[in-house]
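Comments concern the structure below.
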Amino acid sequence: MKLPALNPANWLTVIGDYSKTDLKPDAVAGLTVAVMGVPQAMAYAVIAELPPVYGLYTAMITCLLAAILGSSRHLVTGPTNALCMVIFSLTAHLPEKYGIHHLQIVLLLTFLVGAIQMAFGLLRLGGIIRYVSHSVVIGFTAGAGILIAFNQIKNLTGVTFEERPERFFEVVFQTFAHLPQTNPYALFIGALTIVLLILIPKINPRFPGAVLAILVAGALSFYMGWHEVDMADRRLEIVRDIGVIEASFSGIFQIPDLLFPLSFDLTREIGLGAAALAVLGLIEAASIARAVASQSGQRLDFNREFVGQGAGNLAGSFFSCFAGSGSFTRSAVCFKSGGRTRMAAIFSALWTALTILLLADVANYIPKACLAGLLMVIAYSMIDKRRMLVTLRSGRHSRMVLFGTLGSTLILPLEYAIFVGVTLSLVLLLRVTGETDLTQLVPRSDSGFDEVPFNRAAPSPIVIVNMEGDLYFAAAEDLDYKMLTCITPQTRVVILRMKRLRAVGSSAMAMLEHYWEVLSKKNIQLVVCGIEDELEKVMTGSGLRKQIGEQNIFYADNKLFQSTELAFARAMSIVEMRRSKAARDNGTVPDASSADSLTARSILSPCILRFGNQHALREAVWLMYEMFKNADTKSSSSLFLQNKEGKLDGELTIWTILTALSDDLSPEIAEYLTPEDLGEIMQRQFTTSLGEISRRDLPRLSERTEIHNLVEASVKQGLSVVPICDEDGRLKGLVRSIDLLKGIGMAIGFNPEKELPKV
């Protein structure tokens, strides 16, 4: 099998099909990314407790290979703040434990991360990332930002810890304990860097704020001589003290010492962390690539992107790089700066290499407090307040994942925090999908069905249960007992509408078979409808199709509710047959006089217009307009409101609507208004809730209400249209004024066809 990401015919088109017209935009975008990315790369290396030069190497090599082999045209790969924080959490304590140089441990970790990411891509597992909640990324990133900020206070204040703190609360405790030892020069340089980073973008967003801030603060420190040895305990630590940046690449290539031979003990210890780091890197890269692609219109291949990320880290471990991923800030700058192809990211790597060759001596004198100031600003930006607010408003499950991940990030080692967030996200997902949604359908008198909450419909011989969602083994557990709760002594037939079911397996078939058996013992017939092809195969294979009987199974149709209507007709015939059989067995016949008595049923009109009470006045205006545009003599001028359970909740008439629309219209100004002014005034009321203006004191009359009671209700309450409800308060039809006159005529024995002369 040849994978797209490894096919040279695909990635060589970066050069082979490259257009000369894209050269300048890509080169300029790459330069812009490098100008912003060089200070970031150095600062991120400090987070991982590595010399800044390794951050520059990662911004070169990893970025280059990921751009060549990846899918996104604008994704810029390199050091990222969150990954560097995880690298620090994983490896900071290991050099002392194993007596091995810190860099060699990081290179082994990077190799493992690259191998895992490559495996994800080669096995075509790109789609698995969508099962990781967005709340996990937001919570983890915010937690990492808090950790970065507290870890950089010591560099910002120029103090040194005697012992390396391993937990967040230890970092906080030691930070406050060492505040009296603050180096004022370090604090001044760090604060100056922060102020410049905030002010420069406000003065001109096009200025490279990070570069200018570090150059100004670094130049001031160099001019004042605060980096000199004679400053004693007031001396500022500079990049050269952490690791010298040489103006060459002579030492960049090195085979990781722990790889040949492989250190199994160390690999076992960091293996789980490598998997967490690989997953986090892929989540970052996929999220950023998707965000940029939504603006550029590019279609992404995540399997190929995973291979590109893995290859970048895998090869980077042989070129003194630590694990990197897609950077949102650098990718966004690449897109907004006019980058057109993957060559923009390649150019950024080349510009970074040129920076090392030309400006290495300058970079060596950058104060560590400058980089700490830059990281403090970056840490603050990692706490995305807008997205966190959206998550907090998105529901209980999103909040649980957000706070669970955030809390785990601050309390647990970061590699565990990632898995806690992912696990919590998946558990809540399974909890949601583990419950099949049940509602009930109540037939209308004018055809069609009302959907009401489960177990809230009025008792009826026919119960219609609408099933939606997943019906795998977790969802099927005890579902049959739940569906039995809607059974009443009047129930003769149960219809299961199963058109929207997914993931139906053997557990679901066992549950449905038990449900059928329980209903059969109660002498209740089971009818199923909305059966799709896949469900039909499962029912046939399990034998349930034969048990239910072909005459009680109705298959899904393109017409909405077609199979449900057929199933309901079948249920009606079953109920009628049982009723007739019971009458014959008892030697009785139905009372014809009761059926022909003069009640609301005799003059009931099923042509009724229902509307939800949660709608606004604007929607009622549109509905009334459409109704009268296509009006016929049977239409009613009233709009009846119903609540979520389908019960009568109010009435709107044309006069009610006009009165509400004219609420801001006074007689004094009416004569001076143009049609446009009138429309503008009326539109102010468009958002008014229908529940605020509808008539709510409507009588609840049934089909058995006699004519004289209908007349009394109509006259006393001034109703031109009388609504008729069932036992549960749901609309069944209406009696109009003309119908009421017809009923009165029937009551007095008046027959218009016989007594009125023909003209």
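Per our numbering, the sequence shown starts with residue 36, numbered consecutively.
C-beta: ideal position from N, C-alpha, C; glycine also.
Here the region 330 to 339 makes contact with the region 97 to 112; the two share three or more CB pairs at distances below 8 angstroms.
Taking one beta carbon from each stretch, the region 259 to 271 and the region 239 to 249 have fewer than 3 pairs nearer than 8 angstroms; the two do not touch. In this structure, the beta-carbon distance from L536 to W551 does not fall below 7 angstroms. The region 340 to 349 makes contact with the region 153 to 160: 3 or more CB pairs, one atom from each, lie closer than 8 angstroms.
I277 is not a Cβ neighbour of H262, given a cutoff of 7 angstroms. By the beta-carbon neighbour count (other beta carbons within 10 angstroms, threshold 16), S541 is exposed.
Counting only the Cα atoms, R580 lies some 5 angstroms from M574. Secondary-structure assignment with DSSP links Q560 through a beta bridge to V528. Runs of the alpha helix (DSSP H) spanning 4 or more residues and lying entirely within the region 260 to 300 occur at 274 to 277, in chain order.
According to the DSSP assignment, D684 belongs to the beta strand (DSSP E) that extends over L683 to T688. In the structure shown, the three-state DSSP call for I391 is helix. In summary, Q216 is exposed, with fewer than 16 beta-carbon neighbours lying within 10 Å of its beta-carbon over all protein chains present.
In this structure, DSSP gives Q216 a helical state, which the three-state scheme calls helix. Residues of the same chain with a CB within less than 8 angstroms of the CB of L271, apart from the 5 flanking positions on each side, are G193, N218, Y220, A221, I224, S256, W261, H262, P402, K403 and A404 in chain order. Three or more Cβ pairs closer than 8 angstroms define a contact, and the region 57 to 67 falls short of that threshold against the region 347 to 363. Straight-line measurement puts the Cα of V462 at about 21 angstroms from the Cα of A543. Note on the region 721 to 769: whole beta strand (DSSP E) runs with a minimum of 3 residues are 756 to 760, in chain order. Across the structure, P60 and G72 are spaced so that their CA atoms are roughly 18 angstroms apart.
For I779, the closest alpha carbon among the candidates R645, L293, V279 and V746 is that of V746. A distance below 6 angstroms between beta-carbons, with the five flanking residues on each side excluded, links G180 to the following residues of its chain, in chain order: A414, M417 and I418. Under the three-pair Cβ rule at 8 angstroms, the region 385 to 392 does not count as touching the region 167 to 185. Contact check for D774 against I638 passes: the beta carbons are separated by less than 7 angstroms.
For E567, no alpha helix (DSSP H) segment is defined, and its DSSP state is neither H nor E. Residues F484 and F603 of the same chain have their beta carbon placed closer than 7 angstroms to that of P478, with the five preceding and five following residues left out of the count.
Apart from the 5 residues on each side of it in sequence, A591 sits with its Cβ closer than 7 angstroms to the Cβ of K534, G565, I566, E567 and S598 in its chain, given in chain order.
Secondary structure at S331: helix, using DSSP grouped into helix, strand and coil. Around D57, the same chain offers R375 and T376 as residues with beta carbons nearer than 6 angstroms, after the five sequence neighbours per side are excluded. Sequence-distant Cβ neighbours of F288 in its own chain, meaning closer than 8 angstroms and more than five residues away, are F353, F354 and S355. Each residue's CA atom was taken as its position, placing E503 and I530 some 14 angstroms apart.
A residue is called buried when at least 16 other Cβ atoms come within 10 angstroms of its Cβ; L674 meets this threshold and is buried. In the three-state DSSP reduction, F589 falls in the strand class (E or B).
Here the alpha carbon of R719 sits roughly 39 angstroms from the alpha carbon of S331. Take the alpha-carbon of M659 and the one of L652: they are about 11 angstroms apart. Judged by their CB atoms, L142 and G316 are not nearer to each other than the 7 angstroms cut-off. Rounded to the nearest whole angstrom, the C-alpha separation of S749 and L713 is 34 angstroms. Of the candidates A309, Q152, R422 and S429, A309 places its Cα closest to the Cα of Y451.
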